[in-house]
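Novice: This is the structure, below, for whatever I ask next.
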Amino acid sequence: MIQAILVFNNHGKPRLVRFYQRFPEEIQQQIVRETFHLVLKRDDNICNFLEGGSLIGGSDYKLIYRHYATLYFVFCVDSSESELGILDLIQVFVETLDKCFENVCELDLIFHMDKVHYILQEVVMGGMVLETNMNEIVAQIEAQNRLEKSEITVSLSHSRLYTSAGWPFSRTCPGGVRCEEHQPARDAPEHQHWRSQHQGPQPVPVCLRVEDSRTESLEPAEPSQPCSTVRSAPSRSPASGPGPHCPGAGKSPVSTASLLTCAALPISRTRRLWM
Amino acid sequence: MALKMVKGSIDRMFDKNLQDLVRGIRNHKEDEAKYISQCIDEIKQELKQDNIAVKANAVCKLTYLQMLGYDISWAAFNIIEVMSASKFTFKRIGYLAASQCFHEGTDVIMLTTNQIRKDLSSPSQYDTGVALTGLSCFVTPDLARDLANDIMTLMSHTKPYIRKKAVLIMYKVFLKYPESLRPAFPRLKEKLEDPDPGVQSAAVNVICELARRNPKNYLSLAPLFFKLMTSSTNNWVLIKIIKLFGALTPLEPRLGKKLIEPLTNLIHSTSAMSLLYECVNTVIAVLISLSSGMPNHSASIQLCVQKLRILIEDSDQNLKYLGLLAMSKILRTHPKSVQAHKDLVLQCLDDKDESIRLRALDLLYGVSKKNLMEIVKKLMTHVDKAEGTTYRDELLTKIIDICSQSNYQHITNFEWYISILVELTRLEGTRHGHLIAAQMLDVAIRVKAIRRFAVSQMSALLDSAHLVASSPQRSGICEVLYAAAWICGEFSEHLQEPQQTLEAMLRPKVTTLPGHIQAVYVQNVVKLYAAILQQKEQAADTSAAQEVTQLLVERLPQFVQSADLEVQERASCILQLVKHVQKLQAKDVPVAEEVSALFAGELNPVAPKAQKKVPVPEGLDLDAWINEPLSDSESEDEKPKAMFQDEEQRHTKPRAPEADEQELARRREARRQEQANNPFYIKSSPSPQKRYQDAPGVEHIPVVQIDLSVPLKVPGMPLSDQYVKLEEERRHRQRLEKDKRKKKKRERERRGTRRHSSLHTESDEDIAPAQRVDIVTEEMPENALPSDEDDKDPNDPYRALDIDLDKPLADSEKLPVQKHRNAETSKSPEKEDVPLVEKKSKKPKKKEKKHKEKEREKKKKEVEKGEDLDFWLSTTPPAATPALEELEVNTTVTVLKEGQEEPRGEEQDAEEDREQDLEKKPSKHKKKKHKKDKEERPKDKRKSKKKVPPADEEAAEPVENGTLEEEPLPPMSSYILLAENSYIKMTYDVQGSLQKDSQVTVSVVLENQSDSFLKSMELNVLDSLNARLARPEGSSVHDGVPVPFQLPPGISNEAQFVFTIQSIVMAQKLKGTLSFIAKNDEGSTHEKLDFKLHFTCTSYLVTTPCYSDAFAKLLESGDLSMSSIKVDGISMSFHNLLAKICFHHRFSVVERVDSCASMYSRSIQGHHVCLLVKKGEKSVSVDGKCSDPTLLSNLLEEMKETLATC
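Order-wise, the sequence lines are chains U and B. Quick note on numbering that gives the first Met the number 0: the first sequence kicks off at 0 and runs consecutively. Quick note on numbering that gives the first Met the number 0: the second sequence kicks off at 0 and runs consecutively.
Right, here's the structure in full:
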């Protein structure tokens, strides 16, 4: 059984919290924090298993985690799960995210937590592995997206609320408004390209990026993040003032780093087993 | 109203959606809490609106806030509202929120029951799916009870997507509502052979989870799982099954024997590391379960160890970690095999990864007498190097563990061990001071021979100031002084210079130590004092004796002033005593005798569990009140408080000083007698130490003489190293001596006495210990009770699932079916129990008891069941041919099998266990009867029957491992497309039955492919002379037969129609029409779909097993006509080919020899059909013999078509 699935970033900010056993919210936060501190201490080149200890369930439980770019994916499992199997499952999950979001990065998880949950629901259900075949998972998710889309077109009210929900995985314009004119860009090979199209006339995406780099740089300064100084954020741009920051000029913000291509793991460790 | 709508949409324009919320929070870093509370206010406003879209949006935002740690349970009702939205988009949001925040304590959760039931039966599979997913997270006992039946129905849903979710959620239902396990289990078992790999995997998953908790109930599934294991190619499933077998083997060692071979094959063949690792793990579990007397399995161990070595040497840290983990399991039973890889383990100790170092440390348990010192030395160097205190503490505990394991079995030289312990006291800041102290005490008490040495070391410790120096800060380590003081006091007769030690213990600095240590100091000062007094009096040195008394009188007041009550009390008590002694001394009265009498008596170590195991005397009721309890109010503030500091009581237990020597001796003798007769007393094994002691001529063996006059300086050079060197020398000498003895023995042997012919290699047992040590075993009380239940947790939620699954279902166990509410409340009293949580939790147990009773009644049944498994297990490793029987839902699989040498066909009850035995045991005839009987039962019940001949059959000669080369069969379905249009798709299958010689049943699966609702379906055919549709009585030939159900969009269902057939020797076609009404939003239309129903000759055949001798007689009888066909260009393997013929043409294999097989089938009108199938190069020839030539030629034509597609 899987007891919990936690996704948090290099600063311990939760991006997805899914417990399959009831814990009050405060305890959940505490578990996330503790797990983060446990995982943070570990180099990327040491093994991905942590004997759980006091967190959830006791000695039968293990933390199995992987670190992708800016995010940690942590599964808390008991001894009925195969360790390597779960590692592969994390890989499947991330690859599925990558397929659904097209080159997934932390920002996708930040703004579409609900969608990440829906994807996870097709992989793990009630703490048990539901499906490991990525094509099957993606097919089901797409079918549900189509269903949702059809409901919205049927619906009389074209509120920006639901059309901007970003399904089916065309990256929503970060401004929150769905840019109909960029819809075709979904098929464009270079994702970065259509993003950059926004920079000129529309200030919104630029703002977002600034906002991003600022958040990343602000976070370490927070008192609630005592450990954040240990692992320096790779692109800690100087705390920018109100002046807009050209995203092209500086390093790309951490949270837009593609999870899969920037994975900290060597290729050999992303191997899949059931192929 | 319209205005309201408009207003709603305008409002929404200004609402934040999730993205806005996230962005807002990110923009308000400084006052996040304030911003969020503002948002929550907005959300509350939104929730008050009527528009469901607004509500859903609000709930979606709440879900995000929940992740950030905000309690959103106040919105539970709104969440339910969103869950009940008709649109999937909103429903999904609602269920997600519910799955994140609902739990058993949520009071509104019972409102969801009907909504969930509605969603579960929704025509849209995604509504059902989302409800199942949500429910899996917040299912409560009530929901589980109310919905169990609905979910069970979904387990046979046509969509695999729903099936797999329904199967998985059943586990949660079982946990919450254990009564559902037995009724649902048969279906769950069925799902193990579901055609969809996802469903199959889910079923395996659930059963593995169940079996992990209560493995013994699932032993009977072992054959089924075994078959899955040899046939499945899905690594996920394999891993689960293999893990499950790991849990089952300890219960049934014979299973292990059966497993070894396929597992070994998997280990050799698989490329997936995870699978390899789990195989190795299970092989280890198997080997543990058969640990003794299996000499031929050393190869398996070697294989495991060798594979693990590969893992450990891998550059991947994960594999290294797992390799070490598995290695430590082997260690328990086969330490020798692990020791061969000591180099690797020691190498891992230097790894940069702490997890790996810790794992490697585990492996060091596998020490022997030979290498203990060496390993500990290595660990000591690590202790010195270790940077973090956690790792160093871990090392410290490991050192102590490996030395003390199994009663100090591996320690040959306790002086060395004591000095190791003393060296460990140099560790600063360790948390494990008490551990070292406990070891010192234990060794000193139990190893009598070491006491002298221990005392000298301890006195040195007491003397050296470094421990006391900064004690309170460096907390842990000063605990050692506790042991040191006690040992010096208790065994003061061994002290070289008691006076010096006494002074050391009375130093003013001692008062800085923690209270409990001071207390021990005080108590042991007196013991020392008594010893000195005696010594002095014997030497008639009265002045010296008085000096000592004076010293005490001067120094003890410092303890009297202690803030610690214990210290204070003891000190003042003892001070009075000493003062009294002083008075007596002044009068020249000899006091030493009396003072030492205070501490007379022998000390025996008592087992930690001894107290618990004292049996309750007869007639004593511990639960009875001695006095009737007073009212609660009085006792409230009299709760027993810990008056004194929590201390280890073990060493201060009262002794009986009044018992004189004789009495003691008498008691000791009595005790020895009892222990000898007491089976629960853990007798000290005749350890080499003991033998050593008893053996005559021990004196000849050199005992290391350590010059104890050399003062031992603790902080100086590690003393233990000297021991290592000395030990080596000693062993060398021993070996020489032994060689000499051996020579002598050999001479003796030559003379003819062949008493001991064993060859002496230097094994553990040969290393004699350096000291004459007597490891005293711990005492247990008389008649100690064996208490196995020590570690059972009564609160274990899985205990309720400990249910026997093999018994037939009783009527009372049926799942509650959805009923009208009134009926429900009146009928089930449980409903009223709902608020009584306590009562609820007891229910499963009661049930369990009931089961137990039934169990006894149904013993007979049980035994029979057991035989099946026994039979399966008792056989030699099977040559089971892997076969994936992928079947449509709703089909019964009847597996039959043939043995060649003892020819007989056997049908096994598909319901009971669809497993195939490929054994030829003559003892089976009797059982066959039973099974036949049983078989009738499920057969009748079955709606659609289909017999599938064995897809796997056995080669005549015992095949070993050859089975693996046969690839699994492709999925096969006997359902053929009948007709299809944009609304509906029809597939059908024709089945005959031997009981009715002129009837066939046509099962038609109707699948709604449209968005419309299909109803009033009616099927009609144009009857021919030969075949006609059986219509309800009173209807004419032109009337159709109504389909007994309606089809919502996306749903499929099966309808059955009976046809009467006159002649079956020819195939024929019937034209027909399906008419129905399609209803959608636009309205409803009448639709028609024409089809042609094809009755092939094959459809009149019924799979019938045949004994090969009967088969031979049949062929010899000569009243069969013959015909044959040949098909070229066949690439399919013979195995698959046969399976295909069996499946599509309903034959069974009578026997198979190489690439030649004889097959048999029977028509519903009793025609025998015999085939001889031969496979040549790229071609297949089929010779048929049948009682009717027309039937045969038609059959062969049909077969030709099938084969042509191969």
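All C-beta atoms in this analysis are idealised placements derived from N, C-alpha and C, irrespective of residue type, glycine included.
1. In angstroms with no decimal places, state the Cα-to-Cα distance between B:Arg91 and B:His156.
2. For the putative contact between U:Gln120 and B:Thr132, defined by C-beta atoms under 8 Å, what is the C-beta separation to the nearest angstrom?
3. Rounding to the nearest angstrom, what Cα-Cα distance links B:Val552 and B:Leu512 in this structure?
4. Give a yes or no on whether 8 Å exceeds the smallest Cβ distance from B:Gly1082 to chain U.
5. How many angstroms separate the CA atom of B:Ala201 from the CA atom of B:Val166?
6. Within the 8 Å Cβ cut-off, does B:Tyr1159 reach chain U?
7. With a threshold of 8 Å between beta-carbons, can U:Ser58 be considered close to chain B, or not?
8. With a floor of 4 residues, list each alpha helix (DSSP H) that falls wholly inside the stretch 30–106 of chain U, ordered by position along the chain.
9. Can you give the Cα-Cα distance for B:Leu1137 and U:Phe18, rounded to whole angstroms?
10. Compare the beta carbon distance of B:Asn234 and U:Asn47 with 8 Å and say whether it is the shorter of the two.
11. Taking 8 Å as the threshold (beta carbon to beta carbon), is B:Asp789 in contact with chain U?
12. Excluding the five sequence neighbours on either side, which residues of its own chain have a C-beta within less than 8 Å of the C-beta of U:Lys98, listed in chain order?
13. How many whole angstroms separate the CB atoms of B:Val1004 and B:Phe1058, which I take to be in contact at a CB cut-off of 8 Å?
14. Rounded to the nearest angstrom, what separates B:Lys1177 and B:His1134 at their Cα positions?
15. Examine chain B for any beta-carbon lying closer than 8 Å to the beta-carbon of U:Leu62, and answer yes or no.
16. Applying the criterion that 16 or more other CB atoms from any shown protein chain within 10 Å of the CB defines a buried residue, is U:Asn8 buried or exposed?
17. Can you pull the chain U residues whose beta carbon is under 8 Å from the beta carbon of B:Glu208, in chain order?
18. With 8 Å set as the bound, which would you pick, yes or no: does the beta-carbon of U:Asp107 sit closer than that to a beta-carbon of chain B?
19. Excluding sequence positions up to five away, which residues of its chain have a Cβ less than 8 Å from the Cβ of B:Ala530?
20. Taking B:Ile238 as part of the alpha helix (DSSP H), name the residues at either end of that continuous run.
21. Between U:Arg235 and chain B, is the shortest Cβ-Cβ distance under 8 Å, so that the two count as touching?
22. Compile a chain-ordered list of the residues in the stretch 80–106 of chain U whose CB is closer than 8 Å to at least one CB of chain B.
23. With 8 Å set as the bound, which would you pick, yes or no: does the beta-carbon of U:His66 sit closer than that to a beta-carbon of chain B?
24. Of all Cβ atoms in chain U, is any one closer than 8 Å to the Cβ of B:Gly1183?
25. So with CB distances below 8 Å, who are the chain B contacts of U:Asp43?
26. So the alpha helix (DSSP H) U:His116 belongs to, where does it begin and stop?
27. If the criterion is Cβ atoms closer than 8 Å, does the pair B:Tyr332 and B:Leu302 meet it?
28. Going by DSSP, name the residue or residues bridged to B:Asp1208.
29. Among U:Gln29, U:Phe22, U:Asn44, U:Gln2, which residue has its Cα nearest to the Cα of U:Lys12?
30. Between the stretch 72–86 of chain U and the stretch 373–388 of chain B, are three or more C-beta pairs nearer than 8 Å?
31. Mind listing the chain U neighbours of B:Ser135? Cutoff is C-beta to C-beta under 7 Å, in chain order.
32. Taking Cβ positions only, does B:Ala84 come closer than 8 Å to chain U?
33. My understanding is that B:Ala978 touches B:Phe1090, with C-beta atoms under 8 Å, so please give their C-beta distance in whole angstroms.
34. At a CB-CB cut-off below 7 Å, which residues of chain U make contact with B:Val21?
35. Which term fits B:Leu1033, buried or exposed, when burial requires 16 or more other beta carbons within 10 angstroms of its beta carbon?
36. By the 10 Å Cβ neighbour count, where 16 or more other Cβ atoms means buried, how is B:Gly1082 classified, buried or exposed?
Specialist: Short version:
1. 21 Å
2. 5 Å
3. 21 Å
4. no
5. 6 Å
6. no
7. no
8. 82–100
9. 50 Å
10. no
11. Because the pLDDT at B:Asp789 is just 46, under 50, the model does not fix this residue reliably, and the point stays unresolved.
12. Met133, Val137
13. Going by Cβ atoms, the distance from B:Val1004 to B:Phe1058 rounds to 17 Å, so no, they are not a contact pair.
14. 14 Å
15. no
16. buried
17. Met0, Ser79, Met127
18. no
19. Ser491, Glu492, Leu494, Pro497, Ser595
20. 234–247
21. With a pLDDT of only 32 at U:Arg235, under 50, the local geometry of the prediction cannot be trusted, and no value is derived from it.
22. Ser81, Glu82, Leu83, Gly84, Leu86, Asp87
23. no
24. no
25. Residues of chain B passing the Cβ test: none, with the nearest at roughly 10 Å.
26. 112–122
27. Correcting the residue type first, residue 332 of chain B is Thr in the shown sequence and not Tyr. No, the pair does not count as a contact, with Cβ atoms beyond the cut-off.
28. Since the first residue shown for chain B is 0 and the last is 1205, residue 1208 of chain B is missing from the structure and cannot be characterised.
29. U:Gln29
30. no
31. Met124, Gly125
32. no
33. 4 Å
34. Ile109, Phe110
35. Sequence inspection shows Gly at residue 1033 of chain B; the Leu mentioned does not correspond to that position. Exposed, by the Cβ-count rule.
36. exposed
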